[in-house]
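Let me begin by presenting the structure, written as structure tokens, before commenting on it.
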Amino acid sequence: MRYLIIGSSAAGIGAVEGIRQIDKVNPITIISAENYPLYSRCLLSYYLSGKLTESGLHIRPDDWSKINKANMFLGKKVVLIETDKGYIQCSDGSKYYYDKLLIATGATVKIPPNIPSGMEGIFTLRTVEDAKKVDAAISPDGEAVILGGGLIGLKAAFALLARKMKTTVVLKSKSVLSQMIDFNAAQLVQKKMTDLGIDILTQSEVTEVITEGKNIIKVVVASKEGSDIRNCSLLIAAKGVHPNTELAEGTGIEKNGGILTDEHMRTNNENIYAAGDVAETYDIALEDRTVNALWTCAVQQGKIAGFNMAGTPKSYDGSAAMNSLNFPGLDIISFGNTKADENQGFEIYHYTNSHKNIYKKIVLKDNRIKGLILINAIDNAGLLLSLMGRKIDVGSFQLELLNDNFNYGRVLSYGGAKEKARFWHIGHKAGI
Amino acid sequence: MKEIFCRIDRCLGCKSCELACAIEHSCGQNLLSAVKEYPLPAARVFVQKFKAPGSFTISQAVAVQCRQCAEPMCAAACITGGIVKDESSGLVRFNHDKCLGCWSCTMICPFAAIVRERYCAKAVKCDRCEDRIIPACVEACPTKALVFCETEEFDEFYREAEAER
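Chain order of the listed sequences is A and B. First residue of the first sequence: 902, per our numbering; consecutive thereafter. First residue of the second sequence: -9, per our numbering; consecutive thereafter.
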């Protein structure tokens, strides 16, 4: 049995660890297009802000591949999967044979078409190399523009702020983090950012980039009120990512938004699995298939794929949009469908405490939790997430869900004796 | 592998375990100095009170701490690789130095057993007092509701309690 894994980030690492829990013998090969192995993308903004050094980005010990007996090949881009003969080919012509293959190629940052390529001062923030380039371009007297008000965009904005750059975030939607939290919650975030000196331009768009030679000097920002020219020496595009599904082209592997997977993270080819940002999975909140390009989901999916590749059937409960954030003075956790409308049959409960900057919102449908936003009172988040994930009927205690003293014991008290007996033994399994 | 269990029928919710845990994780290791420390040492065990099913008056309590899951979701969630399942001891190890306070683990722990340490903005969780033979919370429990034993032994407790009823 030869295992082959394309990609060495979250899903790839998870898969190796999953395989090695079961199969300690057979060879594992990892092929990565990047030159830096085993680092966490989520940490790049911390690196940029100066909170972490380059060595701090590593999430596994240096001898990880040795411990797990995995051969790692870096800087090799896979260009072809030959499913009939069972090998892959890299851009340098080398071939690797497999019996079980995992596609964990991740995703690429979307760059709007009106942003020119090959210019100095225009960046994305996806890899260590990207972060190093941005790091070199930071100058305290410069002005930075960030395209996109999502998680990556805002984290980058705070990092640049920490490096004393004047930063503007330009986003198309009505409020920041529009995929994650609702309008009211976003106002708290926006107020905090504005107070700290980050400009936020909502419902705006960069329509043109003005360059001088190879350097970017200004951008034209268009909004409802008209267009405005801003100085800009550094531009970061953070308008989301799209899955790297090119490898599936012409192989018969089914794809939609991402590569389609079943509950065992297997594609429609029985020897090929997919996990991470490239995989489309069942979403427990939306009850539909979607790509959740999130670190946590990627590690879990990788691990599940690893178990199944090694021959131990294990199914994945499904992914969900879930994010946690720590901005100065704001701790935010959100998951599921947070922007549901009461008109569509959702029940919504709010709690706001403006003195303590606390905001809580829970979305229910048919007595099941469908989404949650917690700001600054986040300690119960995991419990509520597991109630959502397991589709527990919360009808009998739904009014208590947002209370500070809602706790595991309360959930327990609504269960029968059987649940109670099981309660303390559950630690052995994943989930409650 | 020994684990910390709570016998719900014995727990009074007195929070002695919380106090003992905070003292154990303080610099001074005793109550008098611990209460004067800044930041205040945080407990890693949480006494949770709730009403007995179908009753509005009878109050029950239970002490919850990290369950040292076999497949820890917090380890998958941690973006810094600071939470690792140690296969040899069975413990889920938390590396305080690596923590950046992103709250991914708080987001995903189904027991809500990983919480924020507000002063240094890092997460804290039960380390099962690795340098002690009996964890501090178990030792401090006045009603012996907290027990440190093998899972099978605890099953025995449970059966006895059910039989007595």
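A virtual CB, placed ideally from N, CA and C, is assigned to each residue, including glycine. It should be emphasised that the depicted structure is a prediction, and the values quoted were computed from it without experimental measurement.
Starting from A/Arg921, follow the alpha helix (DSSP H) in both directions and report where the run begins and ends.
Ala911 to Ile923 is the span of the alpha helix (DSSP H), which, as asked, contains A/Arg921.
Shorter than 7 angstroms from the beta carbon of B/Ser78 to some beta carbon of chain A?
Not an interface residue.
What number of angstroms, rounded off, separates the C-alpha of A/Lys1034 from the C-alpha of A/Leu1026?
Their Cα atoms are separated by approximately 9 angstroms.
For B/Gln55 and chain A, any beta-carbon pair shorter than 7 angstroms?
With 7 angstroms as the cut-off, B/Gln55 does not count as an interface residue toward chain A.
Residues of chain B with CB under 8 angstroms from A/Ser941, in chain order?
Ordered by position in chain B, the residues that pass the 8 angstroms Cβ test against A/Ser941 are Ile69, Thr70 and Gly71.
Ordered along the chain, which non-local residues of its own chain (more than five positions away) have a Cβ less than 8 angstroms from that of A/Ser1134?
Gly1022, Ala1038, Ser1040, Gly1043, Glu1044, Ala1045, Asn1116, Ile1117 and Ile1118.
Apart from the five residues just before and just after B/Ser6, which ones in its own chain have a Cβ nearer than 7 angstroms to its Cβ?
Contacts found: Ala130, Cys131 and Pro132.
Using 7 angstroms as the limit for Cβ to Cβ distance, is A/Tyr1309 near chain B?
A/Tyr1309 counts as touching chain B.
Put B/Lys5 into one of helix, strand or coil per three-state DSSP.
Coil, per DSSP.
Starting from A/His1143, follow its DSSP beta bridges and name the residues at the other end.
Paired residues: A/Thr1009.
Can you name the residues that DSSP bridges to A/Ser1124?
Per DSSP, A/Gly1127.
Residues bridged to A/Leu1002 by DSSP?
BP columns for A/Leu1002 point to A/Leu905 and A/Ile1173.
If I follow the unbroken alpha helix (DSSP H) through A/Gly1207, where does it start and stop?
Counting along the chain, the alpha helix (DSSP H) containing A/Gly1207 begins and ends at Trp1196 to Met1210.
For B/Leu22, does the count of other Cβ atoms within 10 angstroms reach 16, so buried, or fall short, so exposed?
By the 10 Å Cβ count, B/Leu22 comes out exposed.
Starting from the beta carbon of A/Ile931, find every residue of chain B whose beta carbon is closer than 9 angstroms, and list them in chain order.
Under the 9 angstroms cutoff, chain B gives no residues; its nearest Cβ is about 17 angstroms from A/Ile931.
Just the chain B side, please: which residues come within less than 7 angstroms of A/Ala1282 by C-beta, in chain order?
Under the 7 angstroms cutoff, chain B gives Thr96 and Met97.
Using a 10 Å radius around the Cβ and a threshold of 16 neighbouring Cβ atoms, would you call A/Gln1245 buried or exposed?
A/Gln1245 comes out exposed.
Tell me which residues of the region 95 to 125 of chain B have at least one Cβ-Cβ distance to chain A shorter than 9 angstroms, keeping chain order.
Hits within the stretch, in order: Cys95, Thr96, Met97, Ile98, Cys99, Pro100, Phe101, Ala102, Ala103, Ile104, Val105, Arg106 and Ala111.
In chain order, what residues of the same chain lie with their CB nearer than 6 angstroms to the CB of A/Val1120, ignoring the 5 residues before and after it?
Counting only Cβ-Cβ distances below 6 angstroms, and skipping sequence neighbours, we find Val1046, Val1107, Val1110, Arg1131 and Cys1133.
Using the rule of at least 16 other Cβ atoms within 10 Å of the residue's Cβ for burial, across every protein chain shown, is B/Cys11 buried or exposed?
Burial call: buried.
Roughly how many whole angstroms lie between the Cα atoms of A/Ala934 and A/Glu1248?
Using only the alpha carbons, I get a separation of about 46 angstroms.
Considering only residues of the same chain and omitting the five flanking positions on each side of A/Asp1129, which have a CB-CB separation below 6 angstroms?
Same-chain partners within the cutoff: Val1122.
What are the boundary residues of the alpha helix (DSSP H) that A/Leu1055 is part of?
That run of the alpha helix (DSSP H) goes Leu1052 to Ala1063.
Does B/His15 pass the burial test, meaning 16 or more other C-beta atoms within 10 Å, or should it be called exposed?
So B/His15 counts as buried.
Give the interface partners of B/Lys39 over in chain A, defined as CB-CB distance under 7 angstroms, in chain order.
Those are Gly1310, listed as they occur along chain A.
With distances taken between CB atoms, is the gap from B/Ile73 to B/Cys59 smaller than 7 angstroms?
Their beta carbons are not under 7 angstroms apart, which means B/Ile73 does not touch B/Cys59 by this criterion.
In chain A, which residues lie with their C-beta within 9 angstroms of the C-beta of B/Gly91?
Simply Asn1227 and Asp1232.
Look at the alpha carbon of A/Ser909 and the alpha carbon of A/Asp1242, and state the distance between them as a whole number of angstroms.
Near 40 angstroms, if we compare the C-alpha coordinates of A/Asp1242 and A/Ser909.
I'd like to know whether the C-beta of A/Arg961 is nearer than 7 angstroms to at least one C-beta of chain B.
Yes, because at least one Cβ of chain B sits closer than 7 angstroms to the Cβ of A/Arg961.
Please compile the residues from chain A whose C-beta is within a distance smaller than 8 angstroms of the C-beta of B/Gln50.
Ordered by position in chain A, the residues that pass the 8 angstroms Cβ test against B/Gln50 are Gly1310 and Ser1314.
In the structure shown, what three-state DSSP assignment does A/Gly994 receive?
Correct three-state label for A/Gly994: coil.
At what residues does the beta strand (DSSP E) containing A/Ile968 begin and finish?
Careful: A/Ile968 lies outside any beta strand (DSSP E), inside the alpha helix (DSSP H) at Trp965 to Ile968.
Does A/Gly1328 come within less than 7 angstroms of chain B when only Cβ atoms are used?
Confidence in A/Gly1328 is poor, its pLDDT being 37 and thus under 50, which makes the residue's placement too unreliable to answer from.
Excluding the five sequence neighbours on either side, which residues of its own chain have a C-beta within less than 7 angstroms of the C-beta of B/Thr96, listed in chain order?
Ile104, Val105, Arg106 and Ala113.
Taking 7 angstroms as the CB-CB cut-off, is B/Ala12 touching chain D?
Any reference to chain D falls outside this structure, whose protein chains are A and B.
Hey, out of A/Glu918, A/Gly1283, A/Leu1052 and A/Thr1197, whose CA is closest to B/Lys75's CA?
With distances taken between Cα atoms, B/Lys75 lies closest to A/Glu918.
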